[in-house]
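Here numbering that gives the first Met the number 0 is used: position 232 in the sequence shown is 231, and no number is missing along the way.
Just so it is clear, CB atoms sit at the ideal spot from N, CA and C, and this is done for glycine as well.
For reference, the structure is listed below as structure tokens.
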Amino acid sequence: MTTRGVAVLGSTGSIGTTALRVLARHRDRFRVAALTAYSNAELLAQQAAEFAPCYVGVVQNGTSPHEGWGEGVSCLVSAATRDDVSIVINAIVGSAGLDATLAAVSAGKRVALANKETLVMAGDLVAEACRAGGGELVPVDSEHSAILQCLAGRSANDVRRLVLTASGGPFREGPAERLASATIEDALQHPTWRMGRKISIDSATLANKALEVIEAHFLFGLAYDQIDVVVHPQSIVHSFVEFVDGSVLAQMGKPSMELPVLYALTHPERVSDAAMPAFDPVAWAPLTFERVRSDDFPALALGIAAGRRGGVAPAVFNAANEQAVNLFLENRIRFMDVVRAIESALATCAHGPGDSRAAVLSADAAARRHVLEMFAC
Ligand code: NDP
Ligand code: MG
């Protein structure tokens, strides 16, 4: 069997390390050809020693730089477009992943996309780059992986509705007043998933689910009216697809990103992996579902409205959220200020079409500036 070269961008993060665990079990099919990180050179060096990739890149090469490593922002595109790479796992957090996604699909690669922010800010541009370059996007996000698996090649015309599941985050149950005084530690306590800090906060505000609705719109070509969200605290059902004849399919599994990563590598094939947990419906019961408390978590509706508005609005939603989450994680603003920042940036900066990289990046920068000025940072 010939092995396929894989680049893991963001290999030192939560998804990146999960991906390397999966790749280590499937060395007969996949070869790690390139690894990149932002600044965690120590872990990156350990990973490079274990997987012996031909290319290693680090955005900030620190005070005692590693010889032979690619450096600076350009290392991401260099890793993503190498001839010996056929699949790029984009596990970078935030809008920093955009150019790597665009370059990889333009060069005809498969992008196994965890970096949902990329698609939210520039969905039309990424789709156009896929058409022009012959590349493809396969989602790593568990909900979208579930939908892809349920669709099994059927077209959007066969679908009545998608229902994305949401765990509800750490504040699903408590009183709404608790949100006003939520600390960083409270907000990072995700009930079912262990993830990076930014997506953990996004899950607590439900901004993550808004990003995922927009992601689903672009990935599967469905209107926003056809995409709903339901709270499912156990995170066992990863999403539902309701077909036009009323049939509903769901994909299930223990909350782990290993399967979505493996499936993004092998789609539409399935490969045997004995390390994946066996299905035990009795042990996993009960499975429960609830309506979203939309009034208490306004980031969801704000994000969906930005998606419907189109143009640069999703890029503004994403950038304002990213900037505000950074400020919250630096203890400079309060939890609910994240929502205020998104609302204010959308009211001020979300004008114009998002039909070029320049337009999207300029909206992204304007939204970040707006949020910094709003809190006098
Ligand atoms: P982490 O924060 O754990 O990891 C982020 C990775 O990206 C690290 O390798 C980091 O390097 C690198 N990175 C950070 N900033 C930059 C930058 N400016 N340029 C280049 N590389 C950078 O995040 P997660 O793994 O949790 O999330 C990654 C993406 O996957 C996000 O888009 C998230 O929404 C998505 N996702 C994550 C899930 C999860 O379970 N974690 C589930 C579904 C989607 P360094 O370590 O050196 O800082
Ligand atoms: Mg998800």
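Excluding five sequence neighbours on each side, which residues of the same chain lie with their C-beta closer than 8 angstroms to the C-beta of residue 286?
If you ignore the 5 residues before and after residue 286, its C-beta comes within less than 8 angstroms of the C-beta of 231, 233, 235 and 236, all in its own chain and listed in chain order.
Quick one: using the 10 Å Cβ neighbour count with 16 as the cut-off for buried, is residue 325 buried or exposed?
Classified as buried, residue 325 has 16 or more neighbouring CB atoms from the shown chains inside 10 Å of its CB.
Please list, in chain order, all residues of the same chain as residue 115 whose beta carbon is under 6 angstroms from its beta carbon, the five residues on each side excluded.
Hits under 6 angstroms: 140, 210 and 214.
Hey, how far is the Cα of residue 395 from the Cα of residue 38?
The first residue shown for the chain is 0 and the last is 376, placing residue 395 beyond what the model contains.
Assign residue 119 to one of three DSSP states: helix, strand, or coil.
Helix at residue 119.
Beta carbon nearer than 6 angstroms to a non-hydrogen atom of the ligand MG:
Those residues, listed in chain order, are 140, 141, 142 and 211.
Does the count of Cβ pairs from the segment 290–308 and the segment 181–190 closer than 8 angstroms reach three?
Below 8 angstroms, too few C-beta pairs join the segment 290–308 and the segment 181–190 to call them touching: fewer than three.
Which partner residues of residue 286 appear in the DSSP bridge assignment?
Beta-bridge pairing links residue 286 to no other residue.
For residue 148, does the three-state DSSP call read helix, strand or coil?
Note: residue 148 maps to helix in three-state DSSP.
Inter-stretch contact (C-beta, 8 angstroms, three-pair minimum) for the segment 89–108 and the segment 131–138:
In short, these stretches touch, since the Cβ pair count reaches three.
Which same chain residues end up closer than 8 angstroms to residue 20 when comparing Cβ atoms and leaving out the 5 residues on each side of it in sequence?
Here the set comprises 257.
In three-state DSSP terms, what is residue 46?
If DSSP states are grouped into helix, strand and coil, residue 46 belongs with the helices.
Does the segment 177–185 come close enough to the segment 247–254 to have 3 or more Cβ pairs within less than 8 angstroms?
By the C-beta criterion, the segment 177–185 is judged not to be in contact with the segment 247–254, since fewer than 3 inter-stretch pairs fall below 8 angstroms.
Quick check: residue 125 and residue 163, are their CB atoms within less than 8 angstroms of each other?
No. Outside cutoff.
Beta carbon of residue 123 nearer than 8 angstroms to that of residue 363
No, the pair does not count as a contact, with Cβ atoms beyond the cut-off.
If we call anything under 8 angstroms between Cβ atoms a contact, is residue 264 one with residue 86?
Going by C-beta atoms, residue 264 is nearer than 8 angstroms to residue 86.
Could you tell me whether the Cβ atoms of residue 349 and residue 315 are closer together than 8 angstroms?
A Cβ-Cβ contact shorter than 8 angstroms links residue 349 with residue 315.
Suppose contacts are defined by Cβ-Cβ distances below 8 angstroms. Is residue 32 in contact with residue 4 by that definition?
Contact: yes.
Taking the continuous beta strand (DSSP E) assigned at residue 138, which residues delimit it?
135–138 is the extent of the beta strand (DSSP E) around residue 138.
Is it the case that the segment 221–230 contacts the segment 299–308, given that we only count it when at least three CB pairs across the two stretches are under 8 angstroms?
Cβ pair count under 8 angstroms is three or more, so yes.
What did DSSP end up calling residue 361 once you bin it into helix, strand or coil?
Note: residue 361 maps to helix in three-state DSSP.
Residue 278 versus residue 284 - alpha carbon distance
Answer to the nearest angstrom: the Cα atoms are 11 angstroms apart.
Return the residue from the list 173, 212, 167 and 174 that minimises the CA-CA distance to residue 377.
Nothing can be reported for residue 377, as the shown portion of the chain is limited to 0 through 376.
For the segment 145–159 against the segment 331–349, do three or more pairs of beta-carbon atoms, one drawn from each stretch, fall closer than 8 angstroms, so that the two count as touching?
The segment 145–159 vs the segment 331–349: no contact.
Reference residue 313, options 229, 374, 206 and 243, closest by Cα
Shortest Cα-Cα distance from residue 313 to any of 229, 374, 206 and 243 involves 206.
The ligand NDP and residue 12: does any heavy atom of the ligand fall closer than 7 angstroms to the residue's C-beta?
Relative to the ligand NDP, residue 12 has its C-beta within less than 7 angstroms of a heavy atom.
Against chain C, does residue 185 count as a neighbour if the rule is that its beta carbon must be under 8 angstroms from one of theirs?
Included in the structure is just one protein chain, with no chain C present.
Taking Cβ positions, are residue 90 and residue 198 nearer each other than 8 angstroms?
Cβ atoms of residue 90 and residue 198: not closer than 8 angstroms.
For residue 250, which residues does DSSP report across the bridge?
According to DSSP, residue 250 bridges with 238.
What three-state label does DSSP hand residue 4 in the structure shown?
Secondary structure at residue 4: strand, using DSSP grouped into helix, strand and coil.
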